[in-house]
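>
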Amino acid sequence: MVVNTMPGDTRADSRSGTVAPPGRMRGRDGQFERIRRVRDTFLATGTAAASEIQAAGIAPHVLDSWRRSVRYGLSPSDINPVYVGDIDLDNQLTRVVDAVVSQRDAVLEQSMCGLTLTDAEGTILRQWVRDPKLGRWLERHDILPAFSVDETVLGTSSGICLLSGQPTMVRGPEHFAEQYHEVTSAGVPVVHPVTHRVAGSLNLTSRYEDTSPVLLSWVMELVRDIQRAFQEAATRRERVLLNAYLTENRDARHPLVALNEQTIITNAIAARLLTSVDQALLWEHASRAIQERRQDAKRLVLTDGTVVSVECKEVGDVTDTAGAVLRIRPVVERAAQVEAASPVPGLGRLAGKGPRWRELCRRAHRVGAGPVLVVGERGTGKLAVATAVAGDVPVTVVDAADAAANGTRAWLRELESHLGRPSGSAVVIRRCDELDLPTSTAAANLIRAHRSGPVRILATAKHSARHRGVSPLLTEFTEVLEVPALRDRLEDLPVLLEALTQPAFERLGRTPGPVRWMPDAVQALSRLDWPGNIASLAAVVLEVLRGNNNGYISAGDLPVDVVASASRRKLAGLEQVEATAIIAALRDAGGNKNKAADALGIARSTLYRKMRALGIDLSTMAF
-9 MVVNTMPGDT
1 RADSRSGTVA
11 PPGRMRGRDG
21 QFERIRRVRD
31 TFLATGTAAA
41 SEIQAAGIAP
51 HVLDSWRRSV
61 RYGLSPSDIN
71 PVYVGDIDLD
81 NQLTRVVDAV
91 VSQRDAVLEQ
101 SMCGLTLTDA
111 EGTILRQWVR
121 DPKLGRWLER
131 HDILPAFSVD
141 ETVLGTSSGI
151 CLLSGQPTMV
161 RGPEHFAEQY
171 HEVTSAGVPV
181 VHPVTHRVAG
191 SLNLTSRYED
201 TSPVLLSWVM
211 ELVRDIQRAF
221 QEAATRRERV
231 LLNAYLTENR
241 DARHPLVALN
251 EQTIITNAIA
261 ARLLTSVDQA
271 LLWEHASRAI
281 QERRQDAKRL
291 VLTDGTVVSV
301 ECKEVGDVTD
311 TAGAVLRIRP
321 VVERAAQVEA
331 ASPVPGLGRL
341 AGKGPRWREL
351 CRRAHRVGAG
361 PVLVVGERGT
371 GKLAVATAVA
381 GDVPVTVVDA
391 ADAAANGTRA
401 WLRELESHLG
411 RPSGSAVVIR
421 RCDELDLPTS
431 TAAANLIRAH
441 RSGPVRILAT
451 AKHSARHRGV
461 SPLLTEFTEV
471 LEVPALRDRL
481 EDLPVLLEAL
491 TQPAFERLGR
501 TPGPVRWMPD
511 AVQALSRLDW
521 PGNIASLAAV
531 VLEVLRGNNN
541 GYISAGDLPV
551 DVVASASRRK
561 LAGLEQVEAT
571 AIIAALRDAG
581 GNKNKAADAL
591 GIARSTLYRK
601 MRALGIDLST
611 MAF
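The letter at position 480 of the sequence shown is residue 470 when you use the numbering used here, and the numbering goes up by one with no holes.
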């Protein structure tokens, strides 16, 4: 909030030439006293007579704000703005508003009013004050850029327009803080015409004696100009993006994409190459490249397994970033040329299209009849791969974990009986690297004795015999297949999600139905490290389908801990706990940040700061 005069100040009246006595404002009328009586009664008792409220002309949103201010624990006689600290004071909002306000500078000078711009969290970004004495008073009271004047900090003021979403006037004693009773403030939310989100608020403050509907009308007019400027800027950004695309699209034989958070422009060859999921992943790549100021080419894998080199070039002008132009070049390697001549068959019904998965399939189909060891991290699907390699024959799984539970001798006898079966079967020794040394040695002897037998022998382990300290059993496997970790085959996410959906329905006892995993969900899942690999992904799919009966799964349908983990920066310890709690509260509140803040027991401004600090972004914007 900005005031244009100070309590206790002696100032010449610009109209009469008289001087207002220190500590007293001219123009305190009967309405001022009526408002003050209602306020004092309301704050003391929590209520006031309807007739008195009506006589004082106090709006319902002011009464609601008084209630909230009391609930926040604020004291009307002891209120001060709070320093926010690290905040961007130079952004698109401030640049647009600076330009609009500068055109009204003469009017502002003559009006003897103060003007402030806040962000959506109620933090002051700009302040326009023409009177040096007023400026010093504001500085003493910390009403300055980077200080919060949110309702949770100052109580009722024109800043409550951020909550109501409507133009708001707060007159004299309607302010919760006693120090602002001699002023009237008028605030209007600034809604971005493209994103339709509240970007901030513009607030004008005058002496109470100058209270007039004209104040609010003037601010509303300013905000309309600001929103028109936003619209023109958005249109300009699209023009800048289109011009960059036309400049770069000199050779239509190569895929080219120009994009920002609202628009994607592609040439024909790029449109044929990219799916909607690919576009989402390209947004993710472009946003990171812009943030990190990188222009070097990076290899990405598209959802169909195509390896491409992507060169990102930021597009914009001196005022703003308009987006990025991505030059995409398919990477054709020798192995890919060979594969094109003779496509690699898959591994049974296992899903995968990416290069890492295709390489595994290629090697799996080349292994001989000898013992095969399948290695990989926990949850990568080693047992499923081993079973697929065995082919169509019956497969018996002998789990090394049973050796400790059932006794070594019994476990070895079971293994030997399966190895001695007639042809047309296979044995998979699961987790064979977990056997103790004596059992591992005995099992190795059994494998050696049945190596040339009719039963196909396979095993799974975390590592192969190349690692130090491994069991003797591992040395018996001459063929080793390594299953890639999920983080190394994120291009397979769409097909994996599709493949895991039907088994999840079956586990839930539901009839499988058509389910589409939307690009924003795939994009969020691609940000995770997946230490539990496919097993963890299957658990996420199960949890999502358990609570969702609709055929479209978006990022908002993902579990709260997954969304928290998909933050744009890595979270650890208490940060992860905080992020999970915030996302859960937001989801329970249907996205309403005021209700979410109440549920968490924190101020709305605190919620905003924590969301920003933790990198939580539940929107569909890429940048």
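All C-beta atoms, glycine included, are put in the ideal place defined by N, C-alpha and C.
Can you find the residues in the same chain that come closer than 6 Å, C-beta to C-beta, to R615, ignoring five residues on each side of it along the sequence?
Here the chain comprises residues numbered -9 to 613, so residue 615 is not present and cannot be evaluated.
> On a Cα-Cα basis, can you pick out the residue from Q281, K288 and P521 that is closest to R368?
P521
> Helix, strand or coil for C103 per DSSP?
coil
> For E301, which residues of its own chain have a beta-carbon under 6 Å away from its beta-carbon, when the five flanking residues on both sides are left out?
A287 and R317, listed in sequence order.
> Whose C-beta lies closer than 7 Å to the C-beta of D392 among residues of the same chain, with five residues either side of it excluded?
W401
> Counting only runs of 4+ residues fully inside the region 108 to 159, write out the alpha helix (DSSP H) ranges in chain order.
122 to 130, 141 to 144 and 151 to 154
> Measuring alpha carbon to alpha carbon, tell me which residue in E238, T113, R353 and E168 is nearest N193.
T113
> At the 8 Å Cβ level, is R536 part of the contact set with chain D, yes or no?
Any reference to chain D falls outside this structure, which holds one protein chain only.
> Since L105 and W118 should fall inside the 8 Å C-beta cutoff, what is the C-beta to C-beta distance between them, to a whole number of angstroms?
For a cut-off of 8 Å, the C-beta gap from L105 to W118 is around 4 Å, short enough to register as a contact.
> Fully enclosed by the region 491 to 547, which alpha helix (DSSP H) runs are 4 residues long or longer?
509 to 515 and 523 to 536
> DSSP on T84, reduced to helix/strand/coil?
Looking at T84 - three-state DSSP - the assignment turns out to be helix.
> Roughly how many whole angstroms lie between the Cα atoms of L425 and W507?
Taking the straight line from one Cα to the other gives about 41 Å.
> Let me check one thing: in DSSP terms, what residues is L316 bridge-paired to?
V247 and C302
> Spatial neighbours of D109 within its chain, please: C-beta separation below 8 Å, excluding the five flanking residues on both sides.
I77, L83, L115, A189 and G190
> If distances are taken between C-alpha atoms only, which option among G546, D482 and V90 comes closest to W347?
D482
> Whole angstroms are fine: how far does the CA of L487 sit from the CA of T370?
14 Å
> What residue does the beta strand (DSSP E) around T195 start on, and which one ends it?
V188 to R197 is the extent of the beta strand (DSSP E) around T195.
> Does the contact criterion of 3 or more C-beta pairs under 8 Å hold for the region 84 to 95 versus the region 154 to 164?
no
> Starting from I437, follow its DSSP beta bridges and name the residues at the other end.
The partner list for I437 (beta bridge, DSSP) is empty, contrary to what the question assumes.
> Helix, strand or coil for G410? Go by DSSP, reduced to three states.
coil
> Within the same chain, show all residues whose beta-carbon is closer than 6 Å to that of I419, passing over the 5 residues directly before and after it, in chain order.
V388 and A449
> Of the residues T174, A587, L427 and H51, which one's Cα is nearest the Cα of S202?
T174
> Identify which residue in T31, V550, R58 and F22 has its Cα closest to the Cα of G47.
Residue F22 is the option with its Cα nearest to G47.
> Rounded to the nearest angstrom, what separates D80 and F220 at their Cα positions?
15 Å
> Considering only their Cβ atoms, is the gap separating L590 from I573 smaller than 8 Å?
Going by C-beta atoms, I573 is not nearer than 8 Å to L590.
> DSSP beta-bridge partners for T311?
G306
> Under 8 Å, do E274 and Q513 count as touching if we go by C-beta distance?
In terms of Cβ geometry, E274 and Q513 form a close pair [threshold 8 Å].
> Kindly indicate which three-state DSSP category P71 falls into: helix, strand or coil?
coil
> Run the CB neighbour count on N539, radius 10 Å, all protein chains shown included, and call it buried at 16 or more, exposed below.
It counts as exposed.
> If we ignore side chains and look at the alpha-carbon of each, how far apart do V321 and G414 end up?
42 Å
> To the nearest angstrom, report how far apart R16 and S196 are at their CA atoms.
Reliability of the predicted coordinates at R16 is poor, the pLDDT of 41 falling under 50, and the value obtained from them is presented with this limitation in mind. Their Cα atoms are separated by approximately 13 Å.
> Terminal residues of the continuous alpha helix (DSSP H) containing A176?
Here A176 belongs to no alpha helix (DSSP H); instead the beta strand (DSSP E) covers V173 to V181.
> Inspect the beta-carbon positions of S614 and G145 and report whether they are closer than 8 Å.
Residue 614 lies beyond the residue range present for the chain, which begins at -9 and ends at 613; the question has no answer from this structure.
> Whose CA, out of P484, Q492, G499 and P493, lies closest to the CA of A511?
Of P484, Q492, G499 and P493, the residue nearest in Cα terms is P484.
> If you draw a straight line from the alpha carbon of T386 to that of A489, how long is it in whole angstroms?
24 Å
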